[in-house]
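Position one of the sequence shown corresponds to residue 26 (my numbering), numbered consecutively onward. A virtual CB, placed ideally from N, CA and C, is assigned to each residue, including glycine. Have a look at the structure below, then the notes.
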Amino acid sequence: MPARVRTAQAADAALAQHLSWHKWPLARQLDFIFSAEAPAYIGSRIETGTALAELYQWAVAAWPHDVQNRIRHCFRQLAAYSTTLFTRADLALGLAHVGLHYHRRVRELAGWQPPSKNPFRQLDSLVRHLFDRYGDVPAWVLHRWGRLPDPRNGLCLSELAVHLGGGGALRAFRGLPVALSKRQEHLMRQAPAGCTFHEAYRYAQVAERDAAEYLGVALDSRLGREVPGPDDALWLQVLDLFRAEPEVDAWQFGPVCDWIHFRRRVGSPAEPAQPGFSVRGRSLASLLAHTARWHRWLGREQTSPHYLKLLEQHWAGLPVPGFVGGEGEWVRIQQLLNYPALLEEGQQMRHCVASYVHQCTKGRAGIYSLTFNGARMLTLQLAPDRRLVQVRGKHNRRPSAEERNWVLRWLQENHLTAPDYVWQ
């Protein structure tokens, strides 16, 4: 048999293994994913990652039959108003959450009209129509509709949106990781749109001190990286010292907090850890001097057993690829996957990114380096929920317009998000 005939037969056989579900009417697609036959076809004759496969995963496979029926009822009604929503794999979880909470809607679907052909705008409009009775659900809550619960606190912001949209108080929502005062709830509702719950709570904390302009500084520090806890009061005391001396570079707040953490929890052979360390009675100048000496000490401790052990640290990294762009591939973004790489990045860029080693090993952060023609330009921190949370140049400078454009291309290619504060 000629080779080209064998190739054609093999291609025909491969095509026969895949269902032509793209050609089905939407009603048939929806009936199929809720049928008993669907599990046998998803992943074998229907590729994973497609819109239909993602709908099956999030709207069917994840739920018992009674919940499936509820979601199916919603989908059947919604299909009469928009078919575009069902064509995007990355909206499947958001649609599943619409179906999951459909019985708690505050308006009927019949009163909704898609505002445009853009599926993302359609979903945003649909959620507001069905679940936001008074139009006062904070943008940061609605912005995260259809996301998995935050691993730091287990909160699902889709559930929170439904609770708030029905008139419930934020502080009354079950499962909050921290108790809120009325004042804090009021301030959290005003947090920027790109925030997580954790970041909105940090916004309320700094806004309570009339220091909302320090949000980026706070989120860039241990106050932003750690979950709310007993250390909050200490970090906020340090923030007060910076506010009292506005001529001091506010972005030194994070390094100072790192030194205090080292002083309290880690220590050195010459100075053991002091768990009761306090900043009471200390000046900002003193804290800055101690931080500078600590950075110099870190550079000298390259023969210590602790340092040698750190050199062996490697990790898998976050499942987000890097980036190559520009003519001749002169722009690159690459994830750093071992401690020596972090250390070199910090030494070259004159910042303390090496202190993120434990977050990287535990999968709580991904550190990426942007280079132009091999020269280091920016250090980027990515959170596990695919948000860019930190962007730093040499000596903690802000990114230039050109650097920001390349980072934005990387974000768009990988469907990553970035709150406004990271560029400030």
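Could you give the distance in angstroms between the alpha-carbon of L309 and the alpha-carbon of T108?
Taking the first residue of the sequence shown as position 1, residue 309 is located at position 284. Taking the first residue of the sequence shown as position 1, residue 108 is located at position 83. When rounded, the distance between both Cα atoms is 59 Å.
Measuring only the C-alpha atoms, how far is W448 from E224?
Here residue 448 corresponds to residue number 423 of the sequence shown, with the count starting at 1. Here residue 224 corresponds to residue number 199 of the sequence shown, with the count starting at 1. So the two alpha carbons sit approximately 16 Å from each other.
Less than 7 Å between C-beta atoms, sequence neighbours within five positions excluded: which residues of the same chain meet that for R132?
By 1-based counting over the sequence shown, the position of residue 132 is 107. H154, L155, listed in sequence order.
Would you mind listing the alpha helix (DSSP H) stretches within the region 185-219 that are 4+ residues and don't spill past its ends, in chain order?
207-213
Out of G292, G306, Q54, R321, which has the shortest C-alpha to C-alpha gap to G371?
Your numbering for residue 371 matches position 346 in the sequence shown. When each option's Cα is compared against that of G371, the closest is R321.
Please state whether DSSP places L116 in a helix, a strand or coil.
Within the sequence shown, residue 116 is the residue found at index 91, counting from 1. In the structure shown, L116 sits in a helix (DSSP, three-state: H, G or I).
Going by other Cβ atoms of all chains shown within 10 Å of its Cβ, with 16 needed for buried, is N430 buried or exposed?
Counting from one through the sequence shown, the residue named residue 430 turns up at place 405. Exposed.
Taking all protein chains shown into account, do 16 or more other C-beta atoms lie within 10 angstroms of the C-beta of H286, making it buried, or fewer, making it exposed?
Taking the first residue of the sequence shown as 1, we reach residue 286 at position 261. With 16 or more other Cβ atoms within 10 Å, it is buried.
Tell me the DSSP secondary structure of F348 in three-state form.
If you number the sequence shown from 1, residue 348 lands on position 323. Strand, per DSSP.
Measure from the alpha carbon of V231 to the alpha carbon of each residue in E251, T221, V252, Q209, then state which is nearest.
Position 206 of the sequence shown, counted from the start, is the residue given in the question as residue 231. Closest by alpha carbon: Q209.
Going along the chain, which residues of its own chain have a beta-carbon closer than 7 Å to the beta-carbon of F397, five neighbours each way excluded?
Position 372 of the sequence shown, counted from the start, is the residue given in the question as residue 397. Same-chain partners within the cutoff: W355, V356.
Whole-angstrom C-beta distance between L362 and A379, which should lie under 8 Å:
Counted from its first residue, the sequence shown places residue 379 at position 354. Counted from its first residue, the sequence shown places residue 362 at position 337. Not confirmed; about 14 Å, so no contact.
Taking a contact to mean a Cβ-Cβ separation below 8 Å, would you say L80 touches F111 in this structure?
If you number the sequence shown from 1, residue 80 lands on position 55. If you number the sequence shown from 1, residue 111 lands on position 86. Their beta carbons are under 8 Å apart, which means L80 touches F111 by this criterion.
Quick one: what's H339 bridged to in DSSP?
Mapped onto the sequence shown, residue 339 falls at position 314. Note: H339 sits in a beta bridge opposite N363.
Looking only at DSSP bridge pairs, what is I96 linked to?
For the purposes of this step, residue 96 is taken as the residue at position 71 of the sequence shown. Beta-bridge pairing by DSSP links I96 to no other residue.
How about R318 and F302: are their beta carbons less than 8 Å apart?
Translated into the one-based positions of the sequence shown, residue 318 becomes position 293. Translated into the one-based positions of the sequence shown, residue 302 becomes position 277. No; because the gap between Cβ atoms is not below 8 Å, this pair is not in contact.
On the three-state DSSP scale, how would you describe R401?
Taking the first residue of the sequence shown as position 1, residue 401 is located at position 376. If DSSP states are grouped into helix, strand and coil, R401 belongs with the strands.
Thinking C-beta only, is A408 closer than 8 Å to N414?
Walking along the sequence shown from the start, residue 414 turns up at place 389. Walking along the sequence shown from the start, residue 408 turns up at place 383. In the sequence as displayed, the identity of residue 414 is Val instead of Asn. Their beta carbons are under 8 Å apart, which means V414 touches A408 by this criterion.
Tell me whether Q406 sits in a helix, a strand or coil according to DSSP, three-state version.
For the purposes of this step, residue 406 is taken as the residue at position 381 of the sequence shown. DSSP places Q406 in strand when its eight states are reduced to three.
Delimiting residues of the beta strand (DSSP E) encompassing P414
By one-based count along the sequence shown, residue 414 stands at place 389. Residue identity check: residue 414 is Val in the sequence provided, not Pro. Start and end: 413-417.
When burial is assigned at 16 or more other CB atoms within 10 Å of the CB, is T73 buried or exposed?
One-based indexing of the sequence shown puts residue 73 at position 48. By the neighbour-count criterion, in which 16 or more other beta carbons inside 10 Å mark a residue as buried, T73 falls on the exposed side.
Mapping DSSP to helix, strand and coil, what is R290?
Numbered from its first residue, the sequence shown carries residue 290 at position 265. If DSSP states are grouped into helix, strand and coil, R290 belongs with the helices.
First and last residue of the uninterrupted alpha helix (DSSP H) at P144
On the sequence shown, position 119 is the one that residue 144 refers to. Boundaries of the alpha helix (DSSP H) harbouring P144: 144-156, taken from the DSSP string.
CB G124 to CB A63, shorter than 8 Å?
Locating residue 124 in the sequence shown gives position 99, where the first residue counts as 1. Locating residue 63 in the sequence shown gives position 38, where the first residue counts as 1. In this structure, A63 does not lie closer than 8 Å to G124 by Cβ.
To the nearest angstrom, report how far apart N439 and P346 are at their CA atoms.
For the purposes of this step, residue 439 is taken as residue 414 along the sequence shown, with counting starting at 1. For the purposes of this step, residue 346 is taken as residue 321 along the sequence shown, with counting starting at 1. When rounded, the distance between both Cα atoms is 8 Å.
Less than 8 Å between the C-beta atoms of T316 and V349, yes or no?
Residue 316 sits at position 291 when you count from the first residue of the sequence shown. Residue 349 sits at position 324 when you count from the first residue of the sequence shown. No. Outside cutoff.
Grab me the residues of L118's own chain with a C-beta within less than 8 Å of its C-beta, minus the 5 sequence neighbours each way, in chain order.
For the purposes of this step, residue 118 is taken as residue 93 along the sequence shown, with counting starting at 1. Same-chain partners within the cutoff: E79, W83, G171, R172, L173.
Can you tell which of H188, S141, D175, P139 has the C-alpha that lies nearest to the C-alpha of P163?
Stepping through the sequence shown from its first residue, residue 163 is reached at position 138. Measuring from the Cα of P163, the nearest candidate turns out to be H188.
Any alpha helix (DSSP H) of 4 or more consecutive residues that is wholly inside the region 244-298:
Runs of the alpha helix (DSSP H) lying entirely within the region 244-298, each at least 4 residues long, are 247-250, 257-269, 278-286 in chain order.
If you draw a straight line from the C-alpha of G160 to the C-alpha of G190, how long is it?
Looking up residue 160 in the sequence shown gives position 135. Looking up residue 190 in the sequence shown gives position 165. Rounded to whole angstroms, G160 to G190 spans 8 Å at the Cα level.
Please list, in chain order, all residues of the same chain as K142 whose beta carbon is under 8 Å from its beta carbon, the five residues on each side excluded.
For the purposes of this step, residue 142 is identified with residue 117 of the sequence shown, where counting begins at 1. Counting only Cβ-Cβ distances below 8 Å, and skipping sequence neighbours, we find T109.
With 16 other Cβ atoms within 10 Å as the buried cut-off, status of Q406
Within the sequence shown, residue 406 is the residue found at index 381, counting from 1. With 16 or more Cβ atoms within 10 Å of its Cβ, Q406 is classed as buried.
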